[in-house]
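Below: one structure, written as structure tokens.
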Amino acid sequence: MKEKKLVITGMGAVTPIGIGVAAYWESLMAGKCGVGPITRFDASGLAVRIAAEVEMYDPAKYLPKNLIRDSDPFMQYAYMAASEALGENGLPAAPDRTGIVMGTSMGGISTIAATQEELTLLTHKRVGPRFIPKVLGNVAAAQIAIHHGIQGPSLTVSTACSSGGDALAAAALLLWSGEADAVVTVGAESILCPLVLYSLSNAKALSHRNDCPELASRPFDLHRDGFVIGEGGGAIVLETEEHARKRGAEIFGELLGWANNSDAYHVTEPRPDGTAAAACMRRALERAGVQPQEVGYINAHGTATPLGDAAEAAAIRQVFGAFMPPVSSTKGATGHMMGAGGITEAIACILAMREGLLPPTLHWETPDPACSLDCIPGRARPCTVEICMSNAFGFGGQNSSLVLGKYPRGSSA
């Protein structure tokens with residue numbers, strides 16, 4: 004494959020701290036936290052009763068009526084983010100030269116759980132004809148393609164919590180191979196339902212700070228006790244620099260490198276020494292042609308689980324050593340958005356480089372010797388950065404790393 008410079012020409016975000024990229028970034032910089040009591044259903048009988056729900060969400064404001072009726076919330080978030088990323092001008096390339104890659108961890112699990120509950124409890128046993136298309140992961144991409152006329156390659160990636168990062172990697176490979184001139188890359192998730200909460204709570208993966216939800220997500224803090232479920236969507240339009248410049252598109256940033264590998268260790272626990280995650284980061288840097296000392300900021304996976312944060316910190320130390328850049332996890336603000344996280348966190352990196360501000364790690368108060376990083380606690384930090392890394396790791400030992408660059412490098416804008 005001929006290597007081509009890949010650039011970002013569109014972004015969209017639907018998050019627990021704001022809908023739209025501008026609202027998302029403003030809230031990140033203000034230190035806003037999107038975690039609160041669950042309102043989507045009655046969670047009073049559950050051990051975990053908190054989550055980061057999409058803020059002020061009214062689907063009628065953003066979606067066609069038929070899409071509200073025919074889609075799971077994760078599909079709706081994907082559609083909204085993709086529509087923002089595409090903007091008023093629509094497709095960035097000819098329909099058959101525009102691709103789409105969707106990343107999602109659990110697809111329509113909340114619709115599956117709710118439908119099964121109704122089927123079990125109701126006397127009248129009826130499942131609607133839209134059930135199957137509402138829960139299939141790839142139908143999120145299909146809905147976007149139908150409504151925007153995308154006729155190029157369509158792929159759906161499901162690699163647990165690294166799905167968003169891996170979707171960008173898949174999009175890059177489509178562009179490198181010449182299968183498309185531009186790819187709409189989307190990550191989305193909405194897994195809020197008792198079924199998922201019961202399972203993750205029993206696995207001791209979730210924070211149980213029901214009495215203080217706004218402080219529950221504490222990445223890298225000594226007293227972290229698990230992650231908080233988040234939901235939302237993110238979208239990035241990725242295209243070759245040649246194509247973007249030819250059409251006069253505004254370029255927000257550059258995808259310099261990417262990598263994916265596996266811990267080959269455990270289904271739910273990361274490899275404790277972080278060696279596979281470190282290898283993934285090194286491979287992303289190698290593909291980007293970037294040395295560790297050139298990276299100015301890392302947006303960590305940092306979910307606030309005791310094992311996960313310690314393993315990631317160990318991996319970062321192995322790769323960067325004396326060249327350690329500032330590190331933060333935006334999950335203190337958004338919760339863990341699963342498949343949406345890899346995209347929205349890459350967007351945070353792009354904006355950090357453009358705006359000269361690094362997002363903070365909320366609720367980091369007590370240092371943990373196992374996580375000895377510069378975690379940018381509490382407040383955004385002014386800093387001129389030209390290269391960032393974004394990590395996303397998932398169940399099954401999935402590791403994904405992205406290297407993103409300012410465009411053009413050396414510019415003040």
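Okay, so the sequence shown: first residue is 4 according to my numbering, each after it adds one.
In this text, a Cβ means the ideal position worked out from N, Cα and C, and glycines have one as well.
Just so we're clear, the structure is a prediction, and the values are computed from it rather than from any experiment.
Short of 7 Å in beta carbon distance, which residues of its chain neighbour residue i, apart from the five on each side in sequence? Order them along the chain.
i	result
residue 317	276 and 277
residue 62	71 and 79
residue 4	For residue 4, the predicted model reports a pLDDT of 48, less than 50, meaning its position is unreliable and no value from the coordinates is stated.
residue 1	Since the first residue shown for the chain is 4 and the last is 416, residue 1 is missing from the structure and cannot be characterised.
residue 246	96, 184 and 185
residue 370	225
residue 161	107, 108 and 140
residue 60	none
residue 270	398 and 399
residue 42	56
In this structure, what does DSSP give as the bridge partners for residue i?
i	result
residue 300	391
residue 396	402
residue 339	232
residue 114	Partner(s): none; residue 114 has no beta bridge.
residue 264	402
residue 354	For residue 354, which the question treats as bridged, DSSP gives no partner whatsoever.
residue 39	54
residue 238	15 and 189
residue 408	257 and 390
residue 98	Answer is none; residue 98 lacks a bridge partner.
residue 22	17
For residue i, which of the options has the nearest alpha-carbon?
i	options	result
residue 327	197, 389, 313 and 299	299
residue 349	240, 215 and 206	240
residue 159	105, 294 and 207	105
residue 381	388, 76 and 364	364
residue 156	315, 167 and 176	176
residue 205	403, 385, 45 and 51	51
residue 289	406, 383 and 330	406
residue 165	320, 200, 45 and 262	262
residue 306	257, 227, 258 and 368	227
residue 68	9, 42, 146 and 38	146
residue 345	9, 152 and 188	188
residue 211	40, 301, 248 and 148	40
residue 90	75, 151 and 56	151
residue 283	118, 392, 86 and 27	392
residue 101	208, 144, 368 and 209	144
Could you give the residue range of the alpha helix (DSSP H) that holds residue i?
i	result
residue 159	Note, residue 159: premise wrong, no alpha helix (DSSP H); beta strand (DSSP E) at 157–160.
residue 59	No alpha helix (DSSP H) contains residue 59, which DSSP labels as neither H nor E.
residue 199	197–205
residue 188	Unbroken run through residue 188 is the beta strand (DSSP E), 185–192; no alpha helix (DSSP H).
residue 367	No alpha helix (DSSP H) holds residue 367; DSSP gives it neither H nor E.
residue 79	76–89
residue 45	No alpha helix (DSSP H) contains residue 45, which DSSP labels as neither H nor E.
residue 245	244–249
Regarding residue i and the ligand HEM, is the C-beta to nearest heavy atom distance less than 7 Å?
i	result
residue 181	Judged by which ligands are present, the structure shown has none, so any question about the ligand HEM falls away.
Are the Cβ atoms of residue i and residue j separated by less than 8 Å?
i	j	result
residue 7	residue 243	yes
residue 303	residue 394	yes
residue 336	residue 31	yes
residue 191	residue 342	yes
residue 273	residue 311	yes
residue 136	residue 130	no
residue 360	residue 379	no
residue 230	residue 11	no
residue 223	residue 352	no
residue 347	residue 260	no
residue 338	residue 167	no
residue 113	residue 47	no
residue 340	residue 389	no
residue 77	residue 111	yes
residue 138	residue 99	no
Sorted by chain position, which residues of the same chain lie with C-beta nearer than 6 Å to residue i's C-beta, five sequence neighbours on each side aside?
i	result
residue 24	14 and 16
residue 411	none
residue 366	218, 221 and 335
residue 73	133
residue 163	108, 397, 398, 399 and 401
residue 116	196 and 198
residue 332	222, 303, 305 and 364
residue 182	156
residue 408	257, 259 and 390
residue 387	359
Note the first and the last residue of the continuous beta strand (DSSP E) segment covering residue i.
i	result
residue 16	9–18
residue 105	101–106
For residue i, which residues of its own chain have a beta-carbon under 8 Å away from its beta-carbon, when the five flanking residues on both sides are left out?
i	result
residue 83	15, 17, 22, 65, 66 and 236
residue 34	336, 363, 365, 381, 382 and 383
residue 295	288, 322, 323, 324 and 326
residue 148	103, 154 and 157
residue 413	389
residue 292	259 and 260
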